[in-house]
Amino acid sequence: MSVDRLIGDLEAHRGQGASLERLLTAAVEGLSRLDPRFHWTGIYELFADGMLRLGPFVGAPTDHVFIGVGNGVCGTAVAERRNLNIPDVREITNYLACSMETRSELVVLIRSGERIFAQIDIDSHQVGAFDDIAVAIVQRVADWLAKAYELREEAPPGAPSP
Ligand code: SME
Numbered sequence: 003m004s005v006d007r008l009i010g011d012l013e014a015h016r017g018q019g020a021s022l023e024r025l026l027t028a029a030v031e032g033l034s035r036l037d038p039r040f041h042w043t044g045i046y047e048l049f050a051d052g053m054l055r056l057g058p059f060v061g062a063p064t065d066h067v068f069i070g071v072g073n074g075v076c077g078t079a080v081a082e083r084r085n086l087n088i089p090d091v092r093e094i095t096n097y098l099a100c101s102m103e104t105r106s107e108l109v110v111l112i113r114s115g116e117r118i119f120a121q122i123d124i125d126s127h128q129v130g131a132f133d134d135i136a137v138a139i140v141q142r143v144a145d146w147l148a149k150a151y152e153l154r155e156e157a158p159p160g161a162p163s164p
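Positions in the sequence shown are counted from 1; adding 2 to them yields my numbering.
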């Protein structure tokens with residue numbers, strides 16, 4: 003499986019009328035299969051109340067279903083409006099542990115310009131798991147999902163989900 007194939011599969015799902023929720027699920031399932039270092043792969047969606055809420059994920063269940071903007075790696079990425087690549091989570095203080103095995107974490111925002119819809123969060127048991135190639139792969143999927151969010155907003159009331 004390559005990221006090109008994953009994007010192609012997502013396009014096909016959208017062409018068949020899949021909901022945004024279904025697309026998010028397919029994206030995390032596909033991403034988790036793309037790299038054996040991706041041990042936990044999930045989506046947090048940003049809601050108007052300033053909270054991130056856990057969406058679809060692949061990996062161990064987490065207690066961190068709600069994360070406030072500014073909290074942990076996930077909330078800090080939103081507060082600072084940038085992606086975060088943490089090579090060793092033991093070296094940061096503002097970290098919410100999902101699993102004691104996690105050693106590195108990547109957060110890539112799903113955004114359209116200044117508008118942040120959600121984020122892809124990936125944990126690895128390996129230190130420094132997220133090299134430039136891994137980051138580029140996750141960024142491609144995040145950019146595709148940002149378009150899916152935009153299309154959902156453009157859809158007229160009553161229209162099928164993009
Ligand atoms: N480690 C994240 C919390 C989410 S879990 O990794 C799934 C954080 O510090 O925000």
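Every residue gets a Cβ at the ideal spot worked out from N, C-alpha and C, and that includes glycine. The structure displayed is predicted, hence computed values, not measured ones.
field: Residue of Leu-147, Gly-10, Asn-73 minimising C-alpha distance to Gly-52
entry: Asn-73
- prompt: If you draw a straight line from the C-alpha of Pro-20 to the C-alpha of Thr-104, how long is it?
  reply: In the sequence as presented, Pro is not what sits at residue 20; that position holds Ala. Distance between the alpha carbons of Ala-20 and Thr-104 is about 32 Å.
task: To the nearest angstrom, report how far apart Leu-98 and Asp-145 are at their CA atoms.
output: 26 Å
message: Does the distance between the C-beta of His-41 and the nearest non-hydrogen atom of ligand 1 fall short of 7 Å?
response: no
- prompt: Under 7 Å from any heavy atom of ligand 1, does the C-beta of Leu-98 make it?
  reply: yes
task: Determine, using beta carbons only, whether Ser-106 and Ala-138 come nearer to each other than 8 Å.
output: no
- prompt: For Glu-107, is the beta carbon positioned less than 7 Å from some heavy atom of ligand 1?
  reply: yes
query: Once you ignore the five residues that flank His-127 on each side, which residues in its own chain have a CB closer than 7 Å to its CB?
result: His-41, Glu-103, Thr-104, Arg-105
field: As assigned by DSSP and simplified to three states, the class of Tyr-46
entry: strand
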